[in-house]
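To start, the structure under review is shown below, and the notes come after it.
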Amino acid sequence: MGSHRQHQRDQQQEPSPSGPRRRSLLGFGVTAGVLGAGGYAAARYGSTGSGTASALEHFPTPGSGNGAGGETPEGPSVENPRLIGDGSTADTGPQPGQPEARALDPGERPPQFVVVSWDGAASLDDGLFDRFRGLAGELGAGMTFFLTGLYLLPEAKKDRYLPPRNAPGASDVGYLDDGHIRETLRQLRASWLEGHEIGTHFNGHFCGGTGSVEHWDQADWHSEIEQAHAFVSQWRTNTGFDDLEPLPFDYRKELVGGRTPCLLGQQNLLPVAAELGWRYDASSPGGLQQWPARTDSGIWDFPLQSVPFPGHGFEVLTMDYSMLANQSGGDTDGDPAQYATWQGQATGAFLAGFERAYGTNRAPLFLGNHFEQWNGGIYMDAVEDALREMATYDDVRFVSFRQLCDWLEAQRPQVLDNLTSLGVGQAPPNGWGRVVTG
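The structure is reproduced here in structure tokens:
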């Protein structure tokens, strides 16, 4: 992520004074292994006090109904994949474990959605990919991995990457060794089969100088996206690996959204994304806790959001890097004596944003992070602690961006208009019946 120091939001309203109703994790009815859906597990789709449990129905377990792995005998499936191209990817039928979206009933309060996404999505030696897949499986959820395409290209083949406005093979995030490429491929395959979304963080992660994505035009974005497709769809050719199973999806169909490096370049990306049929973009350089709307290009805008930042007089974006920048000035090895304080502030920021939305307008909460060990790994612990706490509240749904698109597009247009009219920290003045209309 780029350095985005946060500015104060003077107009933000205070959270609702009425406290949220909680329940224990034991009340969720979580089944072990239910859709290891993402580091952002859903606070169970069990019974709730307000009757909104079925607004996004339960994640089925892999192998159950709802098109789990394409189980129709005559169609492709995980057991009988239809290989694509060089066999790097395959059609295995509908993705397992996708919840069914339905329109809210008149007067029904929306669920509290939480979307957690990971920029880069490389599997290194830190165990973080496994850790958050495991947390997702424990809680039962969906999440989004924004894959950096170069993480599937060996450095020995780096000249195959022709980055716009940069030298061939250039990369500001480097390349993975063969062992880490292998493990990343295994993690991506397992993640998709568990119901998670594989989006894109593009390739070279250029944030500075004349070659920055900030300066790219539409042709540049077309080239970058086409190359991201190629790195995912031709990893077998590029690596020579012949002992790994294919990624179980057609990436040209799977890829429906992404987040740009450093939240730069969205303006010229959006028309390209719309042309390619993408459903959303998560590259906005900062938004408020309100219901999302479509951009002029017709795709959903899912920004990182400003939330209260404990110990500070301003708000912070819902991303690990933003907290790092405001705590240790961007130094990833800051003062260890401050780690406990900083972790508490990070956890508190995630929860303050959650509670503000939960008790008022129910705007989806967007959390963006990286698999990292900055400042002793405090931000990873903060994310996990916050998610576990969120999961104790009724009516919470941890979903991927794609799944949130499904839910939004299932709603009546007037209801969406009414939801977007609610300000930050604003509960419906006359109850949900005036917002969720028939």
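Each residue of the sequence shown is one higher than the one before, counting from 14 in this note's numbering. We put the beta carbon where it would ideally sit given N, CA and C, even for glycine. Since the model is a prediction, treat every value here as computed from it, not as a measurement.
Contact between LEU148 and GLU397 holds, with the beta-carbon distance rounding to 6 Å and staying under 8 Å. Taking all protein chains in view, the Cβ of ASP294 is crowded by 16 or more other Cβ atoms within 10 Å, so the residue is classified as buried.
Per the Cβ contact rule, the region 358-366 is in contact with the region 313-321 (3 or more Cβ pairs under 8 Å). Nearest C-alpha to GLN200 among PHE142, SER297 and ARG115: PHE142. The Cβ atoms of GLN303 and LEU417 do not sit closer than 8 Å to each other. DSSP places SER90 outside any alpha helix (DSSP H), giving it a letter other than H or E.
Beyond the five residues adjoining it in sequence on each side, ARG178 comes within less than 6 Å, by CB distance, of GLY224 in the same chain, given in chain order. Per DSSP, the beta-bridge partners of GLU210 are THR157. Distance from the CA of ALA116 to the CA of PHE126, rounded to the nearest whole angstrom, comes to 15 Å. The C-alpha of LYS266 is placed about 21 Å away from the C-alpha of THR250.
Collapsing the DSSP output to three states places LEU380 in a strand.
Among the bridge pairs identified by DSSP, GLY300 is matched with GLN318. The Cβ-Cβ distance between TYR334 and TYR371 does not fall below 8 Å.
Annotation: GLU385 is outside any beta strand (DSSP E) and is labelled neither H nor E by DSSP.
Of the other Cβ atoms in all chains shown, 16 or more fall within 10 Å of the Cβ of GLY153; this residue is therefore buried. Within the same chain, Cβ atoms closer than 6 Å to the Cβ of TRP445 are found at GLY120 and ARG122, the five residues on either side in sequence being excluded. In the three-state scheme derived from DSSP, where H, G and I count as helix and E and B as strand, GLN125 is classed as strand.
In this structure, TYR264 sits near HIS242, with a CB-CB distance shorter than 8 Å. One thing to note: PRO349 has its Cβ no nearer than 8 Å to the Cβ of ALA103. Inclusion of GLY217 and ALA183 in the CB contact set at 8 Å is warranted, their separation being smaller than that value. Counting only runs of 4 or more residues that sit fully inside the region 270-295, the alpha helix (DSSP H) segments are 279-288, in chain order. With a threshold of 16 other beta carbon atoms within 10 Å, THR213 meets it and is buried.
PRO261 and THR433 do not touch by the CB rule: their CB atoms are close to 36 Å apart, not below 8 Å. Of the candidates GLN439, VAL428 and VAL437, VAL428 places its Cα closest to the Cα of VAL448. Counting the other CB atoms within 10 Å of its CB gives ASN374 a total of 16 or more, which places it among the buried residues. The beta carbon of ALA423 sits closer than 8 Å to those of ALA114, ARG115 and ALA116, all from its chain and outside the five residues before and after it, given in chain order.
Distance from the Cα of PHE159 is smallest, within the candidate group SER413, PRO426, LEU301 and GLN247, for SER413.
No residue range can be given for ALA116, since it is assigned to no alpha helix (DSSP H) and is classified by DSSP as neither H nor E.
One thing to note: LEU163 has its Cβ within 8 Å of the Cβ of VAL186. In the DSSP annotation of this structure, the continuous segment of the alpha helix (DSSP H) that includes THR354 starts and ends at 352-371. Taking every protein chain shown into account, the CB of THR345 has fewer than 16 other CB atoms within 10 angstroms, so this residue is exposed. In this chain, the beta strand (DSSP E) harbouring ARG410 covers 409-411.
Look at TRP229 here: in three-state DSSP terms it is coil, with no helix or strand label. Closest in alpha carbon position to PHE244, among LYS171, THR273, ARG272 and GLY300, is LYS171.
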